[in-house]
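Chemist:
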Amino acid sequence: MLNDLWYKNAIIYCLSVGTFMDANGDGVGDFQGVMRRLDYLQGLGVTAIWLMPIHPSPGRDNGYDISDYYNVDPKYGTLGDFAEFTHACAERGLRVIIDLVVNHTSDQHPWFKEARSDPDSKYRDWYVWSDKKPPDAQRGVVFPGVQKSTWSFDKCAKR
131 MLNDLWYKNA IIYCLSVGTF MDANGDGVGD FQGVMRRLDY LQGLGVTAIW
181 LMPIHPSPGR DNGYDISDYY NVDPKYGTLG DFAEFTHACA ERGLRVIIDL
231 VVNHTSDQHP WFKEARSDPD SKYRDWYVWS DKKPPDAQRG VVFPGVQKST
281 WSFDKCAKR
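Numbering (my numbering), first residue to last: 131 to 289.
#1: I need the boundaries of the beta strand (DSSP E) containing Ala178, first residue and last residue.
#2: Round the Cβ separation of Ile179 and Leu171 to the nearest angstrom and send it over; I've been treating them as touching at under 8 Å.
#3: For Thr177 versus Ile141, is the C-beta distance shorter than 8 Å?
#4: Go ahead and label Tyr194 buried or exposed: buried means 16 or more other beta carbons lie within 10 angstroms of its beta carbon, across all protein chains shown.
#5: Can you tell me which residues form a DSSP beta bridge with Ile228?
#6: Is Cys219 helix, strand or coil when you go by DSSP?
#7: Is the segment 224-240 touching the segment 186-206 in the sense that three or more CB pairs, one from each, lie closer than 8 Å?
#8: Does the distance from the CB of Phe212 to the CB of Met165 come in under 8 Å?
#9: By alpha-carbon positions, which one of Arg246, Pro249, Leu181, Thr280 ends up nearest to Asp266?
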């Protein structure tokens, strides 16, 4: 597996499921819609499809604030639809890459909710807590104009 360097010569097509193709007419793209376009993508020479975030999210971070790693966002379909999509890709020799965010979660994720409510939670040290605002909290803001600081006080955690 370590010598499998398929990506070096791959033609990777990055897409947002929600904006690519809507199969059910609700105005939001879905896995069924992407499946309808697999032959088109393959015709372009695509060998791998890179999916932008597909997990449930409150949407404060363009889907990168994941609230559930074990499901797909219901607006894109079901886990069954996702499985069907991956099988349809495999049948065509297309690889699937998922933009999986593991360096942070949503504040709605069960791990964060438990960590903030229980100082002895096994998830507590998965997050950064501080008793006072760091002096450099304005430096390194990821979303200028959307957020003013990289730090916020959590009333529940009291930190």
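The beta carbon of each residue, even a glycine, is placed where N, CA and C say it ideally should be.
Modeler: On the basis of the data shown:
#1: That run of the beta strand (DSSP E) goes 178-181.
#2: Yes, Ile179 and Leu171 are in contact; Cβ-Cβ is about 7 Å, under 8 Å.
#3: The answer is yes: Cβ separation under 8 Å.
#4: Buried is the call here.
#5: In the DSSP output, where bridge partners are listed per residue, Ile228 has Leu181.
#6: In the displayed model, Cys219 falls within a helix according to three-state DSSP.
#7: The segment 186-206 is in contact with the segment 224-240.
#8: Contact flag unset, no.
#9: Here the closest residue by C-alpha is Thr280.
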